[in-house]
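Participant:
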Amino acid sequence: MTSRMEEPNAVIQGNSDEPADNASNSSGMESDDNAAETGTKQVSVITGISWNVYAIPKFGLPDLSSFQRMGSLIKRQLDSLPPNWSDDVIYSENLQTVIHDDGIPLVWVPRSEIVTELLAATSRAARVAVLLARCDEIVEDCRLVLTDISHETLAAQRPLAMKAVNAFAGGHYEAAQALAVVVTETAVAHQFPNADYAATKKQVNFDLVQARLTKIRVEAALIPINPFYTAWKPSWGIPAPEELSRHVSVHQADVGHYTKSNSTVAILLVTSVLRALQEMRKQTDTAQLE
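With my numbering applied, the sequence shown closes on residue 302, and no number is skipped along the way.
1) Between which residues of its own chain and His-259 is the CB-CB distance below 7 Å, once the five residues before and five after are set aside?
2) So, is Ser-257 buried or exposed, given that buried needs 16 or more other C-beta atoms within 10 angstroms?
3) With distances taken from CA atoms, which of Ala-211, Ser-135, Val-177 is nearest Glu-152?
4) Hey, quick one: how far does the alpha helix (DSSP H) through Arg-123 stretch, first residue to last?
5) Do Arg-293 and Pro-94 have their C-beta atoms closer together than 8 Å?
6) For the pair the segment 195-203 and the segment 168-186, tell me if three or more CB-CB distances fall below 8 Å.
7) Would you give the residue range spanned by the alpha helix (DSSP H) that Arg-146 belongs to?
8) Out of curiosity, what's the CA-to-CA distance linking Asn-102 and Pro-253?
9) Counting Cβ pairs, one atom from each stretch, are 3 or more of them under 8 Å apart for the segment 128-146 and the segment 272-288?
10) Using the three-state DSSP reduction, which class does Leu-131 fall into: helix, strand or coil?
11) Cβ atoms of Val-119 and Ala-288: under 8 Å apart, would you say?
12) Just the Cα atoms here: how many angstroms apart are Pro-239 and Asp-148?
13) Counting C-beta neighbours from all protein chains within 10 Å, is the total for Trp-248 16 or more, i.e. buried, or is it exposed?
14) Any idea what DSSP makes of Ser-273, helix, strand or coil?
15) Look at the alpha carbon of Leu-4 and the alpha carbon of Pro-236, and state the distance between them as a whole number of angstroms.
16) What does the alpha-carbon distance come out to for the pair Thr-296 and Val-267?
17) What's the gap between the Cα of Ala-179 and the Cα of Leu-301?
18) Helix, strand or coil: how does DSSP classify Pro-236 here?
19) Can you list, in chain order, the residues of its chain with a C-beta nearer than 6 Å to that of Met-174? Leave out the 5 residues immediately preceding and following it.
20) Which residue wins for smallest C-alpha separation from Val-194, given the options Gln-290, Ser-261, Ile-116?
21) Applying the 10 Å Cβ sphere with the 16-neighbour rule, what's the burial state of Ser-284?
22) Reducing DSSP to helix, strand and coil, say where Ser-43 ends up.
23) Looking at the secondary structure, which residues open and close the alpha helix (DSSP H) in which Leu-93 lies?
24) If you scan the segment 160-197 from start to end, which runs of the alpha helix (DSSP H) of 4 or more residues do you find wholly inside it?
25) Straight-line CA distance for Ala-187 to Asp-160?
26) Whole angstroms is fine: what's the gap from Glu-125's alpha carbon to Glu-105's?
27) To the nearest angstrom, report how far apart Ala-133 and Val-127 are at their CA atoms.
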């Protein structure tokens, strides 16, 4: 007596009185023939019962080279973002305000957690409070980045920048601000030797919305030079700028401008700018070799 399973493609090999070995051998022979001619295979599952299993079709892989090139391009662009930025920084509505209007550097320094706090703050006063609360960590961040600066064209400024950071760490905020300001101006003047202050401000007045990802960390690092180069004279009859100003620091020294908060911005600025200039000069060196 034979039986038929309800599963599709189940077939009977002989009857239940046949020896199991014969059924199995018969199945194996049929399997070879069928596999060659129809692409199916007989697999003995239970004595006397086997299943028709269709061979898995072989699909050729599509040409993925274009996707691989695109993935490589995207990776290079993402790698060009500042290393201290989390993935959502470029989407922050406050990014341009903090860097351009407040003049607070956000590239290479400070660390990612502080960048996030600064962008989340709703006013300049709130952002200054963040800087003051995290100034010990900011000192660590500046020292770490300055240690990484090795380009020969910055060899005369890097030690002075480190001394400014050390002065800040020692509580000498006015000295730190004064030294950081003149080192920053020296480095920027070397980069733009034929430009006056107004022309330099135009050259670094980048729009982050329009910036290319491959250039954003250099451009974003130089943007705070705009408020840094803001001129002011008492005879103008307007209040001195609250933001760190090279002009006020050098020509109109005042205890109201030489503050711990401006000193914090100054050591961030000199660190960020020197690191950005190293990036620019390494890119130039590479281009000349190609």
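Where a beta carbon is used, it is the ideal one built from N, C-alpha and C, also for glycine.
Facilitator: Put simply:
1) If we look at His-259 and ignore the five residues flanking it on each side, its Cβ neighbours are Thr-242, Ala-243, Trp-244.
2) So Ser-257 ends up on the buried side.
3) Glu-152 has its Cα closest to that of Val-177, out of Ala-211, Ser-135, Val-177.
4) Careful: Arg-123 lies outside any alpha helix (DSSP H) and carries neither H nor E.
5) Going by C-beta atoms, Arg-293 is not nearer than 8 Å to Pro-94.
6) Taking 8 Å as the limit for Cβ pairs, the verdict is that the segment 168-186 does touch the segment 195-203.
7) For Arg-146, there is no enclosing alpha helix (DSSP H), as DSSP gives it neither H nor E.
8) The amino acid at residue 102 is misidentified as Asn; the sequence shows Ile. Each residue's Cα considered, the two are about 27 Å apart.
9) The segment 128-146 vs the segment 272-288: in contact.
10) Correct three-state label for Leu-131: helix.
11) Pairing Ala-288 with Val-119 gives a Cβ-Cβ distance under 8 Å.
12) Using only the alpha carbons, I get a separation of about 25 Å.
13) Using a 10 angstroms sphere on the CB of Trp-248, the tally of other CB atoms stays under 16, which defines it as exposed.
14) In the three-state DSSP reduction, Ser-273 falls in the helix class (H, G or I).
15) With the chain represented from 13 up to 302, any question about residue 4 goes unanswered, as that position is not in the structure.
16) About 41 Å.
17) Their backbone Cα atoms lie some 39 Å apart in a straight line.
18) In the displayed model, Pro-236 falls within coil according to three-state DSSP, outside both helix and strand.
19) The residues are Leu-158.
20) When each option's Cα is compared against that of Val-194, the closest is Ser-261.
21) Of the other Cβ atoms in all chains shown, 16 or more fall within 10 Å of the Cβ of Ser-284; this residue is therefore buried.
22) Since pLDDT at Ser-43 reaches only 46, below the 50 mark, its modelled position is unreliable, and no value is offered.
23) Premise fails: Leu-93 is in no alpha helix (DSSP H) and is neither H nor E.
24) With a minimum length of 4 residues, the continuous alpha helix (DSSP H) runs that stay inside the segment 160-197 are 170-181.
25) Cα to Cα, Ala-187 sits roughly 24 Å from Asp-160.
26) In a straight line, the C-alpha of Glu-125 is about 17 Å away from that of Glu-105.
27) Each residue's alpha carbon lies about 10 Å from the other.
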